[in-house]
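Residue numbers (our numbering): 4 to 198.
All remarks here apply to the structure that follows.
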Amino acid sequence: MKQKARISALLALLMILLPISQSSAYVLSPCKQQFDLPRQVSFCWGGEAGQSGSIWQNAYLSAAASWSSAQSYIAWYNVSSSRNMMTTFFHIDPALYGEAEITYNLTTRYITQCVMKLNTYSLGGKSANFRQSVACHEQGHGFGLGDENSISPAVMNQNRNREVIYTPQSDDLLGIYALYGSGGVDKLPGSTSHR
Ligand SMILES: [Zn+2]
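Here you go:
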């Protein structure tokens, strides 16, 4: 009788623990952004992304809109004095689509600067969806997500089909929730562990 109760308690515990260990697949940076407005992170334009109507600015704007509409409860907003930048670069490497250069303050656990870059060399001949996918991925780094190549679909997966996966997926959103919470409550910096 006692043994039976112990086994069913163990089974109940396993059923609670299993979904948790499966859902924590996203990879987080050691730090996250400090909000400039409630639930919003600022950015300024740079390079060819500074030209309104350009394919580069459109890729970033579509990607930012997708983060907002995906119930991430977090958004980018444009202000010229921002520490974060969405810009372009030119690098002759057909497999290098984008980069995010991130500077952290490991004491405060905040990202102090993020420069997101789209490679005009490798992306110029690609589709709008493809460019948006890269912009969405770099913005994910800007929010504090790391590359996640073991989960599919995920916009943070470097091996994703960029023509198909160009908006945040559920694993990406779980990563954002782990960093910032999912509703009105802002989690403290450094309150999440990363792997
Ligand atoms: Zn990446």
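Backbone N, C-alpha and C fix where the C-beta goes; we use that ideal spot for every residue, glycine too.
Note that the structure is predicted; figures quoted are calculated from it, not measured.
Whole-angstrom distance between residue j and residue i, CA atom to CA atom
i: K75; j: G184; result: Looking at the sequence provided, one finds Ser at residue 75 rather than Lys. Roughly 9 angstroms between the two C-alpha positions.
i: G145; j: M119; result: 7 angstroms
i: V137; j: W70; result: 13 angstroms
i: P156; j: G53; result: 31 angstroms
i: Q142; j: Y63; result: 8 angstroms
i: F212; j: Q172; result: Shown here, the chain extends from 4 to 198; a query on residue 212 therefore has no answer.
i: F29; j: I114; result: A small fix is needed here, since residue 29 is Tyr in this sequence, not Phe. Cα-Cα distance, rounded: 18 angstroms.
i: S125; j: Q161; result: 15 angstroms
i: D174; j: L182; result: 13 angstroms
i: R112; j: N87; result: 16 angstroms
i: Q37; j: D96; result: 33 angstroms
i: D150; j: A66; result: 17 angstroms
i: G147; j: N61; result: 22 angstroms
i: C34; j: R42; result: 16 angstroms
i: A3; j: Q135; result: Residue 3 is absent from the structure shown; the chain starts at 4 and stops at 198.
Helix, strand or coil at residue i [DSSP, three-state]
i: A103; result: strand
i: L109; result: coil
i: Q142; result: helix
i: S230; result: Beyond the ends of the chain as shown, which are 4 and 198, falls residue 230; an answer cannot be given.
i: Y183; result: helix
i: Y124; result: helix
i: A67; result: helix
i: N162; result: coil
i: A98; result: coil
Residues that residue i bridges to, as DSSP identifies them
i: V118; result: M88 and E104
i: L148; result: L31
i: Y80; result: S45
i: L177; result: Paired residues: none, contrary to the question.
Beta carbon proximity, residue i to chain D, threshold 8 angstroms
i: T110; result: As a matter of chain content, chain D is missing from the structure shown, which is built from one protein chain.
*Kindly provide the chain-ordered list of residues whose Cβ lies closer than 6 angstroms to any non-hydrogen atom of ligand 1.*
H140, H144, D150 and Q161
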